[in-house]
Ligand SMILES: Cc1cc2nc3c(=O)[nH]c(=O)nc-3n(C[C@H](O)[C@H](O)[C@H](O)COP(=O)(O)O)c2cc1C
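In UniProt numbering, the protein residues as written are 1 to 171.
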C-alpha cells in the first residue's frame with residue numbers, strides 16, 4: 001500500500017478567481033485520498049512537508065501574478081526535487097475550454113526551470129467591480145464574465161491525482 005502523499009496547491013491571485021481554482025483542485029485531490037494543503041504563494045516558508053506541488057498563477061500582461069512567480073523563483077531548487085504541475089488562469093473568452101493554450105513565454109520559462117510535469121491554461125474571471133483603469137477598459141470591451149470551466153478543472157485535478165497516486169512518495 002502506498003503511503004499518503006502530501007500535496008501543496010499554491011497560487012498567486014490578484015482578484016481571487018485563481019484562488020478558487022486552487023481550492024477546487026484541492027477538493028478533487030482530497031476526494032482521491034491525497035493529503036492536500038491549499039495556500040497562497042506569499043505565505044509559504046518551507047516545502048519540506050510536501051511530496052508534490054501544484055502552482056497556479058492568474059495572468060497579468062503575459063506574466064503570472066507576482067507572488068506565484070516569486071514563489072517559483074525562490075524555491076526552484078526545492079521544486080526541482082519534487083513533482084510539480086503548473087496552471088495559469090487568464091483568457092476572458094471560451095478559448096481555454098476549446099483548445100489547449102500554451103503558457104506565455106514567462107510562464108514557460110518557469111516550467112522549464114522547475115522541470116514541471118505539465119502546464120494547463122484555464123479561463124479566467126474578470127470582476128466588474130474592480131476599479132483600475134485596465135480592468136475598466138476590458139469591461140468596456142465586453143470581456144467581463146466568468147470563463148472558468150469547472151469540468152475542465154475537475155478533469156485536470158483527476159489527472160494530477162492519478163499521477164500522484166501512481167508515483168508514490170518522493171525520495
Ligand atoms: C490588467 C489585466 C491584465 C490581464 N492580462 C492577461 C493576460 O496577459 N493574459 C490572459 O490570459 N489574461 C489576462 N487577464 C485576465 C486575468 O488573468 C483574469 O481576469 C484572471 O482570472 C485573474 O485572476 P485573479 O482573479 O486570480 O486575479 C488580465 C486582466 C487584467 C485586469
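Glycine included, C-beta positions come from ideal geometry on N, C-alpha and C.
Query: Supposed close pair residue 54, residue 160 - CB separation, criterion 8 angstroms; Result: 6 angstroms
Query: Own chain, CB closer than 8 angstroms to residue 24, minus 5 neighbours either side, in chain order; Result: 150, 153, 154 and 157
Query: Where residue 80 sits in the DSSP three-state scheme; Result: helix
Query: 6 angstroms Cβ shell around residue 89 - same chain, five flanking residues per side excluded; Result: 18, 21, 58, 122 and 124
Query: Of the listed residues 42, 45 and 51, nearest to residue 36 (C-alpha basis); Result: 51
Query: Residue 188 beta carbon near ligand 1 (any heavy atom closer than 7 angstroms); Result: No answer is possible for residue 188: the residues shown for the chain start at 1 and end at 171.
Query: First through last residue of the beta strand (DSSP E) which encompasses residue 177; Result: This structure cannot settle anything about residue 177, because the visible part of the chain is limited to 1 through 171.
Query: Of the listed residues 66, 10 and 27, nearest to residue 106 (C-alpha basis); Result: 66
Query: Beta bridge counterpart(s) of residue 49 as assigned by DSSP; Result: Bridge partners of residue 49: none, in fact.
Query: First through last residue of the alpha helix (DSSP H) which encompasses residue 159; Result: 150–167
Query: heavy atom of ligand 1 below 7 angstroms from residue 61 C-beta; Result: yes
Query: Residue 90: CB within 7 angstroms of a non-hydrogen atom of ligand 1; Result: yes
Query: Which of helix, strand or coil DSSP assigns to residue 146; Result: strand
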